[in-house]
Amino acid sequence: MMAVEGIVIRETDGIIENNSEKTIENLGRLANQGTREVDRIVLDIMVHKKVTVE
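Using our numbering, the letters of the sequence shown correspond one by one to residues 790 to 843.
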């Protein structure tokens, strides 16, 4: 959709690199390292959640 509208993503934008392999590596790093914090937060929410049984 972005390409149709003439929007270009450059290697200076975010995790994008000048080749697909490095971009995928960056995405994997984001998924692996970023998920650790998400897992901790979700676990904290679950542990402290007050559940009522009806």
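We put the CB at the ideal spot given by N, CA and C, even for glycine. Note that the structure is predicted; figures quoted are calculated from it, not measured.
Q: Pull up the distance between the alpha-carbon of N807 and that of E800, whole angstroms please.
A: 5 Å
**Q.** 6 Å Cβ shell around N815 - same chain, five flanking residues per side excluded
**A.** I804
**Q.** Between the CA atoms of T841 and I798 - distance to the nearest angstrom
**A.** 48 Å
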